[in-house]
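Below, the structure is given as structure tokens:
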């Protein structure tokens with residue numbers, strides 16, 4: 201939509217701030233996209249928690265993100281207030297971009313405003329079928345082609361891979377002798393596999409991870425692994441800590457046991473020049489180029505063999521692949537193409553002469 205100003209509402213979940221203080225993939229992507237759309241000259245309003253930090257106009261139904269707050273016990277009322285705030289102002293926007301799963305569908309069906317929903321979660325859940333059949337007019341965006349496979353009949357507008365600001369992470373050419381695991385402690389992420397890989401190759405494993413209440417049972421079953429001599433649990437990391445944690449690692453381990461819709465940590469590591477050893481599930485083959493930005497494996501033996509070959513990969517090439525395919529600027533351009541298709545024609549002439557859409 202070069203040369204035109206689009207009035208965009210970005211609508212984020214309220215569980216984490218935008219960007220999140222610690223873990224939170226969806227909110228992090230919303231932050232990067234929002235700021236990049238503003239940088240490219242568009243008028244953006246972000247609906248998110250009050251402790252969010254953004255270059256857009258911020259509208260907040262609650263003063264702080266819900267997950268870490270001691271003041272909130274029920275998430276639903278705050279999201280309903282946010283949707284009321286949004287649709288009260290629907291005439292202010294050319295397009296509304298939702299990141300709320302399907303919570304907004306009944307409202308969006310009845311509102312006269314172009315809207316699109318990016319689905320961030322897994323879609324291989326039978327309960328989702330009647331929901332999406334009922335709201336089959338809702339236009340959606342996937343974050344990977346793999347994510348679309350369980351529901352190919354949805355009205356997909358596009359697949360848009362995530363992107364990061366180009367200067368958020370820098371290349372680390374000289375790593376330290378440890379492996380990294382970053383994510384959630386859950387049965388889907390399989391931190392136990394990461395421990396097994398590290399012990400087989402005799403390398404230290406540093407674990408930076410979030411422990412959700414819903415994953416507490418799994419954590420109890422694996423917490424004894426955290427006392428192993430080669431294992432160090434460093435807790436949940438913020439953005440600045442994550443830069444060095446990933447950048448100094450010899451490799452990132454991503455031994456997942458579920459159809460990962462994207463895996464933001466894969467491109468965070470790539471931006472640092474750090475290759476990934478990942479199990480071939482979900483979107484992994486779309487993001488990791490085997491034998492270039494990491495190794496895609498199927499078994500524990502394959503992962504062990506991959507660690508022993510990690511020195512064959514060029515960390516500078518990893519960084520170049522990030523710059524080519526996974527920047528926030530590219531992500532924003534892709535979403536602007538989606539908005540253009542949704543609107544059918546450009547919205548308002550762009551009068552900001554010194555700000556242009558790249």
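Numbering (the numbering used here), first residue to last: 201 to 558.
By construction, the Cβ of each residue, glycine as well, lies at the ideal position given by its N, Cα and C atoms.
Residue 467 vs residue 479 beta-carbon contact at 9 Å: Translated into the one-based positions of the chain shown, residue 467 becomes position 267. Translated into the one-based positions of the chain shown, residue 479 becomes position 279. With a cutoff of 9 Å on beta-carbon distance, residue 467 and residue 479 are scored as not near each other.
Endpoints, the beta strand (DSSP E) within which residue 297 is located: Working through the chain shown from its first residue, we reach residue 297 at position 97. If you look at residue 297, you'll find it in the beta strand (DSSP E) that goes 295-298.
DSSP-derived helix/strand/coil call for residue 305: Residue numbering aside, residue 305 sits at position 105 when the chain shown is read from its first letter. Helix at residue 305.
Pick from 297, 303, 369 and 293 that is closest to residue 281, judged by C-alpha positions: If you number the chain shown from 1, residue 281 lands on position 81. Minimum Cα-Cα distance from residue 281 among the listed residues 297, 303, 369 and 293 corresponds to 303.
Residue 295 classed as buried or exposed, judged by whether at least 16 other C-beta atoms fall within 10 angstroms: Counted from its first residue, the chain shown places residue 295 at position 95. Burial is judged here by how many other beta carbons sit within 10 angstroms of a residue's own beta carbon; residue 295 has at least 16 and is buried.
Local conformation of residue 234 per DSSP, three classes: Taking the first residue of the chain shown as position 1, residue 234 is located at position 34. Reduced to three states, the DSSP call for residue 234 is helix.
Residue 463: CB within 8 Å of a non-hydrogen atom of the ligand NAD: The ligand NAD is absent from the structure shown, which contains no ligand whatsoever.
Residue 290 to residue 260 span [Cα, whole Å]: As a first step, residue 290 must be located in the chain shown, where it is residue number 90. As a first step, residue 260 must be located in the chain shown, where it is residue number 60. When only Cα atoms are considered, residue 290 and residue 260 end up about 16 Å apart.
Span separating the alpha-carbon of residue 528 from that of residue 537: For the purposes of this step, residue 528 is taken as the residue at position 328 of the chain shown. For the purposes of this step, residue 537 is taken as the residue at position 337 of the chain shown. Per the coordinates, the alpha-carbon of residue 528 lies some 14 Å from the alpha-carbon of residue 537.
CA-to-CA distance, residue 319 to residue 301, given in whole angstroms: For the purposes of this step, residue 301 is taken as the residue at position 101 of the chain shown. For the purposes of this step, residue 319 is taken as the residue at position 119 of the chain shown. Between the C-alpha atoms of residue 301 and residue 319 there is a straight-line separation of about 6 Å.
Ranges of the beta strand (DSSP E) found wholly within the segment 204-292, counting only runs of at least 3: Here the runs fully enclosed are 207-211, 243-247 and 257-259.
Distance between residue 433 and residue 544 (C-alpha atoms, nearest Å): Along the chain shown, one-based indexing puts residue 544 at 344. Along the chain shown, one-based indexing puts residue 433 at 233. Those two C-alpha atoms are separated by around 51 Å.
Inter-residue spacing [alpha-carbon to alpha-carbon] between residue 373 and residue 461: Within the chain shown, residue 373 is the residue found at index 173, counting from 1. Within the chain shown, residue 461 is the residue found at index 261, counting from 1. One C-alpha to the other measures close to 29 Å.
Other residues of its chain near residue 285: CB distance less than 8 Å, five sequence neighbours each side excluded: Your numbering for residue 285 matches position 85 in the chain shown. The residues 247, 259 and 261, in chain order, have a CB closer than 8 Å to that of residue 285 in the same chain once the five nearest residues on each side in sequence are set aside.
Segment contact flag, the segment 513-521 with the segment 410-427, C-beta cutoff 8 Å, min 3 pairs: The segment 513-521, when compared against the segment 410-427, does not touch it at the 8 Å Cβ threshold.
Where residue 308 falls, given that 16 or more other Cβ within 10 Å makes a residue buried: What you label residue 308 is simply residue 108 of the chain shown in a count that begins at 1. Residue 308 is buried by the Cβ-count criterion.
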